[in-house]
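One structure is given here, and the rest of the page talks about it.
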Amino acid sequence: MIAPKPNLRNSNIGLVTSLVLTLTAYVFVVEKYLSGWLLTGFIAVLAILQLFVQFRFFLHIGEKISEKAKTKFLMFSILCVSIIVFGSIWIMNNLNYNMMHNPESVQNIIDDELIHH
Amino acid sequence: MQHKIHDAQKNSLGFWIYLMSDCMLFATLFAAFAVLRNNTFGDVSLGSLVNGGYVLTQTILLLFSSYTASVAVSNIVTGSLKKVIFWLSATMALGISFLVMEINEFTQLVHEGHGWQANAAMSSFFTLVGTHGLHIAVGLIWAGTLVWLANRRGLAKVENKLKLFSMYWHFLDVVWICIFTVVYLRGLMS
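Residue numbers (this note's numbering), protein chains in the order written: chain A, 161 to 277; chain B, 63 to 252.
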């Protein structure tokens, strides 16, 4: 009897795409091919793509129908994580905004909100 | 047999729920970091402390360790204890290298006066990256006990444990990708 061979297809795809995505993001940041919000957006997209690759090829999400429950938990987690992270950033930025104790921040608000007086 | 497969699936789902709750822990730390990362209290910005090549090496080490863990699990079907232990040991070696590099980075930062007590930005940095490092350390202990157990009691006994370990290890890789992007790459940009 021949010993069964391990199936490495998923792992190989996962490794190669992860390496390509990581190196692309790194090179773009170091060589400054883009700048500002464009670069931020670009590396964010690369990171999200890589998360997809990791979940699909290493954690095998969405591979079998029997793993449907895992996908549901994952979706719910993504929702919670987004609320925690983006909610915190949103609230804390507004909090800084509302700290009107020094004249400088008051002036910033007046400038930002285009208040004429 | 049918019963056993069913149990393994339930274990895997239960462990997945744990991982998702761990996700929440990291989400709060990421949120704290995002809010505090510019609060350096007059010190140099976090970005100027980042050594790009060093962190890239760490990332690649972790990506490869994720791969070797995956290969170890794939090798269960061959029934060869040697192969599984070889790939699991490779995972441990890569994980240890990663952790040594991280500890080295932390010691250097503390020695240069950029420790966790320096300012809010450094506090949130050390908490976020340190928590991930702690998870890696726990994973290494786990992998070590799996190697020991596999040697003592054979492959069949560790099969399911190994699958759970690999899930844990890939999850840490996922968290690291976020740390690499949010902490280090964004740091390098500014």
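Note that CB positions come from ideal geometry on N, CA and C, so glycine has one too.
Predicted model, so just to flag it, every value in this text is computed and none were measured.
Val200(B) beta carbon less than 8 angstroms from that of Phe88(B): Phe88(B) places its beta carbon 8 angstroms or farther from that of Val200(B).
Against chain A: residues of the segment 85–112 of chain B by CB proximity under 7 angstroms: Hits within the stretch, in order: Cys85, Met86, Ala89, Thr90, Phe92, Ala93, Ala96, Val97.
Residue range of the unbroken alpha helix (DSSP H) whose run includes Trp178(B): The continuous stretches of alpha helix (DSSP H) do not include Trp178(B), and DSSP gives it neither H nor E.
Mind checking whether Leu123(B) and Phe160(B) have CB atoms under 8 angstroms apart? Yes.
For Asn100(B), which option in Ala70(B), Val191(B), Ser186(B), Asn166(B) has the closest C-alpha, if you only look at C-alpha atoms? Selected option, being the one with the closest Cα: Ser186(B).
Label Gly128(B) either buried or exposed according to how many other C-beta atoms from any shown protein chain fall within 10 Å of its C-beta, with 16 as the threshold for buried. According to the sequence displayed, residue 128(B) carries Ser and not Gly. Answer is buried; the Cβ neighbour count reaches 16.
Hey, does Thr140(B) have any beta-carbon neighbour from chain A nearer than 8 angstroms? At least one chain A Cβ lies under 8 angstroms of Thr140(B).
Would you mind reading off the limits of the alpha helix (DSSP H) that contains Arg248(B)? 248–251 is the extent of the alpha helix (DSSP H) around Arg248(B).
On the three-state DSSP scale, how would you describe Thr102(B)? Note: Thr102(B) maps to coil in three-state DSSP.
Which of the three DSSP states is assigned to Gly216(B) in this structure? Reduced to three states, the DSSP call for Gly216(B) is coil.
In chain B, what lies closer than 8 angstroms to Ile270(A) by C-beta? Chain order gives no chain B residues near Ile270(A), where near means a beta carbon separation below 8 angstroms; the closest approach is about 22 angstroms.
Where Asn137(B) falls, given that 16 or more other Cβ within 10 Å makes a residue buried: Counting Cβ neighbours within 10 Å, Asn137(B) comes out buried, since at least 16 surround it.
Let me know the secondary structure DSSP gives Val191(B) once reduced to three states. Of the three classes helix, strand and coil, the one that applies to Val191(B) here is helix, per DSSP.
By how many angstroms is the C-alpha of Met86(B) removed from the C-alpha of Ala182(B)? It is roughly 21 angstroms from the alpha-carbon of Ala182(B) to the alpha-carbon of Met86(B).
Environment of Pro164(A) [buried if 16+ CB atoms lie within 10 Å]: Pro164(A) is classed as exposed because its beta carbon has fewer than 16 other beta carbons within 10 Å across all chains shown.
Three-state class that DSSP yields for Lys193(A) in the structure shown: Residue identity differs from the one stated: residue 193(A) is Tyr in this sequence, not Lys. Taken through DSSP and simplified to helix, strand or coil, Tyr193(A) comes out as coil.
Where do the N-terminal and C-terminal ends of the alpha helix (DSSP H) with Ser142(B) fall, by residue? Ser142(B) -> no alpha helix (DSSP H), and no H or E assigned at all.
With a 10 Å radius around its C-beta and 16 neighbouring C-beta atoms as the bar for buried, classify Trp149(B) as buried or exposed. By the Cβ neighbour-count rule, Trp149(B) is buried, with 16 or more other Cβ atoms within 10 Å of its own.
Is it true that the CB of Leu181(A) sits closer than 8 angstroms to the CB of Gln214(A)? In this structure, the beta-carbon distance from Gln214(A) to Leu181(A) does not fall below 8 angstroms.
Flag Gly174(A) as yes if its beta-carbon sits less than 8 angstroms from any beta-carbon of chain B, otherwise no. Interface annotation, Gly174(A): in contact with chain B, CB-CB separation under 8 angstroms.
Pick from Phe92(B), Val209(B), Ser151(B), Leu196(B) that is closest to Val241(A), judged by C-alpha positions: Sorting Phe92(B), Val209(B), Ser151(B), Leu196(B) by C-alpha distance to the C-alpha of Val241(A) places Phe92(B) at the top.
For Ser248(A), the three-state DSSP class (helix, strand or coil): Reduced to three states, the DSSP call for Ser248(A) is helix.
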